[in-house]
Amino acid sequence: MYYLCPLMKDSQFFVFNNSPEWVETYRAQRSAPSNIALVKYWGKEDPQIPKNPSVSFTLDQCRTHTQVNFQKQNKHEEVPFEIYFDGVPKPEFKPKLQSFFKRILPYVSYLSEYNLHIETHNTFPHSSGIASSASAMAALAACIMDLEMQLDPSQSLDYSLQKTSFLARLGSGSAARSVQGPIVGWGQHPKTPKSSDLYGVTIDNTHAAFNNYCVAILLVDQGQKAVSSTLGHCLMEGHPFASQRFDQARDHYAQLIDILSQGDLERFIKLVEKEALCLHAMMLTSDPQFVLMKPNTLQILQSVWEYRKNTGNLVAFTLDAGANVHLLYPDNIRKAVQSFIESELTPFCQNGAFIHDRVGVGLKKM
Ligand code: DP6
C-alpha cells in the first residue's frame, strides 16, 4: 500500500486537473519584489521544505519585471522556453529554470502544451549583490498563474495567490515570501495558524509602528555571492549546531510574532540583529566555513550601534548571506537616518552605493 506523506497530500491541492479553456497565445506581465528576512531560512529538505519557519519584510522598489509570451503548441515532455535578461539571451539561466519547470510541471501540466518566451529585468543593479532569485521566481510564477487563470477563470484570487507562492517556493524558497506583503511568514508554526511549509502567508494584526517601515540597503560588496544559497542550505546538513539553530529560529519566530503585534521596537531590534548574527555564526562554523562579512560590514554594524546609543533613534541592521547590510527603521526617523547613512555610512559602501526602499505590498500587474 502506498501512502502520501501529509505534505505531499497537501501539495495535491495545487494540481491543476480541470479541463482547460485553451488559449492560443497569451501575454502575462508581472512585477514581484525582493524581500529581506527578519527570521532567516537557512536549511531545507526536498522538495524545498524549510527546516524552520521564517518571516520577512516585502520590499517595494527592488523588483523584477517579467513578461512571458505563451504560445500554444503540441504537447512536449519538457517545457520549451527561451529567456532574455535586459533584452539579451541568457542561456546560463536555463539549467535553473529547467529544473524549476520540471519541479512545477506536476502542478501545471498545461505548461507542456505551451512555448514560453520570457523577458525579465531587475529595477536594482544586477551587480548589486541583492538576491534576485526571490523576486525573479515570484514574478515568473505569477505569470504562469495568470495563464492558469485564463485556462480556468473559476479560480479564486486567494487560491491563485497561494498557488503563486507555492510555485515560487519550488524555484527558490525565499520567493514564497515575495508574493504578498508587507510582512510574510513561510513555514509551519503554531503562532500563525494558517502558516504552511508549502507557501507564504501574510502576518496579520501587526502594530501601526511597523506601517511604512523603511529599509536601506548598503552595498558593501557588489560582486557575485561567495556562497550560493543552495550550497549554504546544504551546509546545515550535519552542521554541529543545526538542531539548536532550528529550535532557536522557531523560538525567534514566536517572539517576533508577539513583537510585531505589540509594536515593541526595542525588542524588535534586539531580535532581528541577533538573527542576522546567528545566520553568519552558522556560516562561520560550517564545514567548509565561510566568512561573508567584510571589514566594512563590521564598520557599519559598529556605527549603527554607536548611532543608536548616541541618538536613541531606533534603527536596526540585518544581513543576508553576504556582506551587504540592510537597515530597518520607522518612517518617523527616516530623514535623520538617511542623513546618517549619507554622511557616515557611504564611505563603507562600494562606490558609495546604497538603495532606499520600504516595505511594500507584493506582486503587481504591469
Ligand atoms: C540567507 O531562498 O535563496 O537569504 O531555496 O536555495 O533558492 P533557495 O535559497 P534562498 O535562501 C535565502 C537565504 C537567506 C535567508 C532568507 O531569505 O530567509
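Residue numbers (my numbering): 220 to 585. Note that beta-carbon positions come from the ideal geometry of N, C-alpha and C, so glycine has one too.
Taking C-beta atoms under 8 Å as the contact rule, Tyr-326 and Phe-465 fail to qualify, at a distance of about 27 Å. The alpha helix (DSSP H) runs lying completely inside the region 520 to 571 and spanning 4 residues or more are 553 to 559, given in chain order. Annotated three-state conformation of Ser-275 is strand, per DSSP. Secondary structure in the region 262 to 342: the alpha helix (DSSP H) runs of 4 residues or longer, each lying completely within the stretch, are 313 to 323 in chain order. Placement of the Cβ of His-408 at a distance of 8 Å or more from every heavy atom of the ligand DP6 is found.
Secondary structure note for Val-420: its beta strand (DSSP E) is the uninterrupted segment 419 to 421. Within the same chain, Cβ atoms closer than 8 Å to the Cβ of Gln-369 are found at Glu-240, Val-242, Tyr-245, the five residues on either side in sequence being excluded. With 16 or more other Cβ atoms from the protein chains shown falling within 10 Å of its own Cβ, Phe-320 counts as buried. According to DSSP, Phe-573 shares a beta bridge with Leu-437. Going by C-alpha positions, Gln-441 is about 37 Å away from Asp-377. A heavy atom of the ligand DP6 is found nearer than 8 Å to the CB of Asp-539. Ala-353 has its CB nearer than 8 Å to a heavy atom of the ligand DP6. The Cβ atoms of Ile-349 and Asn-532 lie no closer than 9 Å to each other.
Taking 8 Å as the cut-off, one finds at least one heavy atom of the ligand DP6 near enough to the beta carbon of Thr-449. Counting every other CB atom within 10 Å of its CB across the protein chains shown gives Gly-571 a total below 16, marking it as exposed. The beta carbons of Leu-564 and Leu-538 sit no closer together than 9 Å.
Ranked by Cα distance from Ala-461, the first of Gly-482, Ala-500, Asp-229 is Ala-500. Gln-467 has its CB no nearer than 8 Å to any heavy atom of the ligand DP6. Annotated three-state conformation of Tyr-378 is helix, per DSSP.
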